[in-house]
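Asker: Residue numbers (the working numbering): 14 to 460. Using N, Cα and C, we set each Cβ at its ideal position, and we do this for glycine too. Every value quoted in this text rests on a predicted model; they were computed, and no experiment measured them. Okay, here's the structure, questions in a sec.
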Ligand code: HGY
Ligand code: MN
Ligand code: MN
C-alpha cells in the first residue's frame with residue numbers, strides 16, 4: 014500500500030466531490046481529513062480523562078473497578094456517561110432492559126453504531142467495555158469540533174449486563190436489543206444475590222420505555238481490549254477481529270446429605286463437594302486433552318452449609334466451556350454430562366443442570382473486518398486477523414447488521430483483573446482506527 018503524498022491529495026481535491034467538510038479519498042487509502050487537510054485525530058488526553066473519571070466510580074484495590082450490573086455502582090457509572098452524552102448534544106434513549114443509546118442525529122438513515130458496556134466483574138479493570146463506550150463519545154466529540162458531519166447518524170450504545178456475572182446470560186442487554194431474548198424473560202431473571210432484573214432496573218431508575226428489539230443500526234463496530242495474550246505475544250499492535258468463539262455456561266447443582274464430619278464413615282457419605290472437585294478436575298483435563306482452542310473454567314462454587322464440621326448438603330458450581338468450533342464444543346458438553354452422571358451415581362448424590370448461556374461461534378462481516386484492517390494499516394500500525402476468546406456485545410449486533418471489532422493489546426494478557434492495562438498510546442490509536450472505520454461505514458452501502 015503506497016502512502017498518499019500531498020500531491021496525491023491535491024489531485025484528489027480537484028477530482029473528488031466534497032461530500033461535506035471532509036474528503037472521501039478513493040480506495041487507495043480511505044483516511045478522512047478535515048477541510049484544512051489535517052488528518053482527523055481524536056484527543057487522547059480527553060479520552061484518558063474520561064476513562065479515569067469513570068474509573069473513580071467504585072474503585073477496587075489495585076486500580077480496577079467493581080460495578081456489577083444494575084447495582085448502585087453501575088447506576089453511578091451510567092449517570093456519568095449519560096451526562097457526557099447530553100453534554101455532546103446526543104439524544105439519549107433508555108430501553109426496556111436499560112440499554113442506553115446516545116445518538117448524534119446528523120445525516121440520514123440508520124445510524125452507524127459503536128459502544129460496549131460499563132458493567133464489570135468483581136475484579137474488573139478500567140478498560141474492559143469502558144474503552145468502547147468512551148472511545149465512541151470521543152469520536153463524536155472530535156468530529157463535532159472539526160466541523161465534520163457524517164452522512165449517517167452516529168450512535169453509542171451502553172449495553173446492560175454484558176458481563177453476565179450478576180445476571181446470566183452475558184451480553185444480556187445486547188441480546189434483547191437484537192431480539193435474541195424476550196423482554197419478559199430478561200426482566201424475570203434473578204441475580205446471583207437474589208433480586209429480579211426488572212426490579213433492579215426500576216430501583217436504579219433505568220427501566221426505560223424504548224421497546225426492544227430495536228431497529229438495527231446500519232453497521233456496528235466495537236473497540237475493545239483483547240483481554241488475552243495473543244497480540245502482545247505476536248508483537249502486533251491491533252486485532253481486526255473475525256468473530257467470537259462459542260460459549261456454554263451451565264450451573265450444576267449437586268444434592269448430597271449433610272452429616273457429621275467426625276462420625277460419618279467415608280463409605281456412608283453422600284458428599285457433593287467430592288463431585289465438585291472431580292468435575293472441576295475433569296473440565297481442566299478435558300481442555301488439556303482437547304487442546305486447540307478448548308478452554309474450561311469453574312469460576313463460582315457455593316457450598317451449603319459451608320461449615321468446617323459438616324459434610325455438605327448441597328453444592329453449586331458454574332461450568333464455563335468455550336471453543337471456536339461448535340462441533341467440538343458440543344463434544345465437550347457431551348463428555349462433561351456423561352462424567353457428571355457417572356460420578357453422581359458413584360457418590361450417591363443427585364444433580365441438576367441449568368443452562369445459563371449458550372451462544373454458538375459468531376463470524377463477523379468480512380467487509381467490516383477489512384475496513385478495520387485497512388484503516389489500521391493506513392494509520393501505520395501492525396494488525397492481525399483474530400477471533401475473540403471473550404464474549405462481546407458485537408456478537409449480538411452481528412445478528413442484525415454488518416459488524417466487526419477492533420482489539421488493542423492487553424499487557425500480559427490480563428483482564429478481569431484490577432491490573433488490566435493498555436497503554437494510553439494504544440487506547441488513542443485504537444480510537445483513531447474506530448473514528449476512521451465509523452466514517453467509512455457511514456459511506457458504505459452494504460445492500
Ligand atoms: O464472559 C465473557 O466472555 C465476557 O466478559 N462477558
Ligand atoms: Mn467486555
Ligand atoms: Mn469482561
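1) To which residues of the same chain is residue 109 closer than 8 Å at the C-beta, ignoring the five residues directly before and after it?
2) So does the stretch 280–297 actually touch the stretch 224–242, counting three or more Cβ pairs closer than 8 Å?
3) Measure the C-alpha to C-alpha separation of residue 369 and residue 330 and round it to an integer number of angstroms.
4) Name the residue from 434, 82, 452, 430 whose alpha carbon lies nearest to the alpha carbon of residue 74.
5) Does the distance between the C-beta of residue 141 and the nearest non-hydrogen atom of ligand 2 fall short of 6 Å?
6) Go through its chain and collect everything with a Cβ distance to residue 422's Cβ below 7 Å, but skip five positions before and after it.
7) Does the beta-carbon distance from residue 471 to residue 389 come in below 7 Å?
8) When DSSP builds the beta bridges, which residues end up paired with residue 52?
9) Comparing alpha-carbon positions, which option in 314, 460, 413 lies nearest residue 205?
10) For residue 411 and residue 229, what's the separation of their Cα atoms in angstroms?
11) With respect to the alpha helix (DSSP H) encompassing residue 359, which residues constitute its N-terminal and C-terminal limits?
12) Tell me whether residue 283 is buried or exposed, calling it buried when 16 or more other Cβ atoms sit within 10 Å of its Cβ.
13) Check whether the Cβ atoms of residue 218 and residue 112 lie closer than 7 Å to each other.
14) Could you tell me which of 72, 295, 307, 297 sits nearest to residue 134, measuring between CA atoms?
15) Using a Cβ-Cβ cutoff of less than 8 Å, which residues in the same chain neighbour residue 40 once the five nearest sequence positions on both sides are dropped?
16) With respect to 6 Å, is the separation between the Cβ of residue 176 and the closest non-hydrogen atom of ligand 1 below this value?
17) Hey, how far is the Cα of residue 316 from the Cα of residue 268?
18) I want to check one thing, is the minimum distance from the CB of residue 312 to the heavy atoms of ligand 1 below 6 Å?
19) If we call anything under 7 Å between Cβ atoms a contact, is residue 212 one with residue 174?
20) Is the beta carbon of residue 64 sitting closer than 7 Å to the one on residue 150?
21) When you compare each of 84, 271, 129 to residue 405 by their alpha carbons, which one comes out closest?
22) Would residue 86 be called buried (16 or more neighbouring beta carbons within 10 Å of its own) or exposed?
23) Starting from residue 166, trace the beta strand (DSSP E) both ways and give me its first and last residue.
24) Say yes only if the C-beta of residue 305 is nearer than 6 Å to one or more non-hydrogen atoms of ligand 1, and no if none qualify.
25) With residue 203 and residue 274 assumed to form a contact (beta carbons below 8 Å), what rounded beta-carbon distance in angstroms separates them?
26) Note down the Cα distance separating residue 442 from residue 327, rounded to an integer number of angstroms.
27) So residue 402 packs on residue 241, CB below 8 Å; how close in whole Å?
28) Could you please give me the residues that DSSP links to residue 372 through a beta bridge?
29) When you compare each of 103, 381, 293 to residue 458 by their alpha carbons, which one comes out closest?
30) State the beta-bridge partners of residue 174 as determined by DSSP.
31) Excluding five sequence neighbours on each side, which residues of the same chain lie with their C-beta closer than 6 Å to the C-beta of residue 424?
32) Tell me which residue opens and which closes the alpha helix (DSSP H) that residue 377 is part of.
33) List the residues that DSSP assigns as beta-bridge partners of residue 108.
34) For residue 99, does the count of other Cβ atoms within 10 angstroms reach 16, so buried, or fall short, so exposed?
35) How is the beta strand (DSSP E) around residue 399 delimited, first residue to last?
36) Considering residue 190, what are the terminal residues of the alpha helix (DSSP H) in which it resides?
Answerer: Reading from the atomic positions:
1) Locating residue 109 in the chain shown gives position 96, counting from the first residue. The residues are 189, 196, 200, 220, 221, 222, 223, 224, 225.
2) no
3) Residue 369 sits at position 356 when you count from the first residue of the chain shown. Residue 330 sits at position 317 when you count from the first residue of the chain shown. Between residue 369 and residue 330, the C-alpha separation is close to 12 Å.
4) Position 61 of the chain shown holds residue 74. Nearest C-alpha to residue 74: 430.
5) Stepping through the chain shown from its first residue, residue 141 is reached at position 128. Correct: residue 141 has its Cβ closer than 6 Å to ligand 2.
6) Residue 422 sits at position 409 when you count from the first residue of the chain shown. Counting only residues of its own chain and dropping the five nearest sequence neighbours on each side, residue 422 has a CB closer than 7 Å to the CB of 239, 244, 245, 250, 435, 439.
7) Absent from the model: residue 471. The displayed extent of the chain is 14 to 460, so no value can be given.
8) Taking the first residue of the chain shown as position 1, residue 52 is located at position 39. 46, per the DSSP bridge assignment.
9) Taking the chain shown and counting its residues from 1, the one referred to as residue 205 is at position 192. Checking every option, the nearest Cα to that of residue 205 belongs to 314.
10) One-based indexing of the chain shown puts residue 411 at position 398. One-based indexing of the chain shown puts residue 229 at position 216. Here the alpha carbons of residue 229 and residue 411 stand approximately 10 Å from one another.
11) Here residue 359 refers to the residue found at position 346 when the chain shown is read from its first residue. Start and end: 339–360.
12) Within the chain shown, residue 283 is the residue found at index 270, counting from 1. By the neighbour-count rule (16 or more Cβ atoms within 10 Å), residue 283 is buried.
13) For the purposes of this step, residue 218 is identified with residue 205 of the chain shown, where counting begins at 1. For the purposes of this step, residue 112 is identified with residue 99 of the chain shown, where counting begins at 1. No, the Cβ-Cβ distance between residue 218 and residue 112 is not below 7 Å.
14) For the purposes of this step, residue 134 is taken as residue 121 along the chain shown, with counting starting at 1. Checked all of 72, 295, 307, 297; the closest Cα to residue 134 is 72.
15) One-based indexing of the chain shown puts residue 40 at position 27. Confidence at residue 40 is low in this model, with a pLDDT of 35, below 50, so the placement of that residue is unreliable and no value is reported for it.
16) Along the chain shown, one-based indexing puts residue 176 at 163. Residue 176 has its Cβ nearer than 6 Å to a heavy atom of ligand 1.
17) Here residue 316 refers to the residue found at position 303 of the chain shown. Here residue 268 refers to the residue found at position 255 of the chain shown. C-alpha separation (whole angstroms): 10 Å.
18) Counted from its first residue, the chain shown places residue 312 at position 299. Checking every heavy atom of ligand 1 against the Cβ of residue 312, none is found closer than 6 Å.
19) Within the chain shown, residue 212 is the residue found at index 199, counting from 1. Within the chain shown, residue 174 is the residue found at index 161, counting from 1. No.
20) Taking the chain shown and counting its residues from 1, the one referred to as residue 64 is at position 51. Taking the chain shown and counting its residues from 1, the one referred to as residue 150 is at position 137. No, these two residues do not count as a Cβ contact at 7 Å.
21) Start at 1 with the first residue of the chain shown, and residue 405 comes out as number 392. Nearest C-alpha to residue 405: 129.
22) For this step, residue 86 is matched to residue 73 along the chain shown. When all chains shown are included, residue 86 counts as buried.
23) If you number the chain shown from 1, residue 166 lands on position 153. Premise fails: residue 166 is in no beta strand (DSSP E) and is neither H nor E.
24) In the chain shown, residue 305 corresponds to position 292, counting from 1. No, the beta carbon of residue 305 sits no closer than 6 Å to any heavy atom of ligand 1.
25) Here residue 203 refers to the residue found at position 190 when the chain shown is read from its first residue. Here residue 274 refers to the residue found at position 261 when the chain shown is read from its first residue. Actually they are not in contact, since the Cβ atoms of residue 203 and residue 274 sit about 32 Å apart, beyond 8 Å.
26) By 1-based counting over the chain shown, the position of residue 442 is 429. By 1-based counting over the chain shown, the position of residue 327 is 314. The straight-line gap from Cα to Cα measures roughly 50 Å.
27) If you number the chain shown from 1, residue 402 lands on position 389. If you number the chain shown from 1, residue 241 lands on position 228. Their Cβ separation, rounded to whole angstroms, is 5 Å, which keeps residue 402 and residue 241 in contact under 8 Å.
28) Within the chain shown, numbered from 1, the residue matching residue 372 stands at position 359. Looking at the DSSP assignment, residue 372 forms a beta bridge with 260.
29) Taking the first residue of the chain shown as position 1, residue 458 is located at position 445. The candidate whose alpha carbon is nearest that of residue 458 is 381.
30) Stepping through the chain shown from its first residue, residue 174 is reached at position 161. None; residue 174 has no bridge partner.
31) To locate residue 424, count along the chain shown from 1; it is residue 411. Excluding residues within five positions, the ones whose Cβ falls inside 6 Å are 434.
32) For the purposes of this step, residue 377 is taken as residue 364 along the chain shown, with counting starting at 1. No alpha helix (DSSP H) contains residue 377, which DSSP labels as neither H nor E.
33) Within the chain shown, numbered from 1, the residue matching residue 108 stands at position 95. According to DSSP, residue 108 bridges with 223.
34) To locate residue 99, count along the chain shown from 1; it is residue 86. Result: exposed.
35) Within the chain shown, numbered from 1, the residue matching residue 399 stands at position 386. Per DSSP, residue 399 belongs to the beta strand (DSSP E) from 396–401.
36) On the chain shown, residue 190 is found 177 positions in, with the first residue counted as 1. Following the DSSP letters along the chain, one finds residue 190 inside the alpha helix (DSSP H) bounded by residues 185–190.
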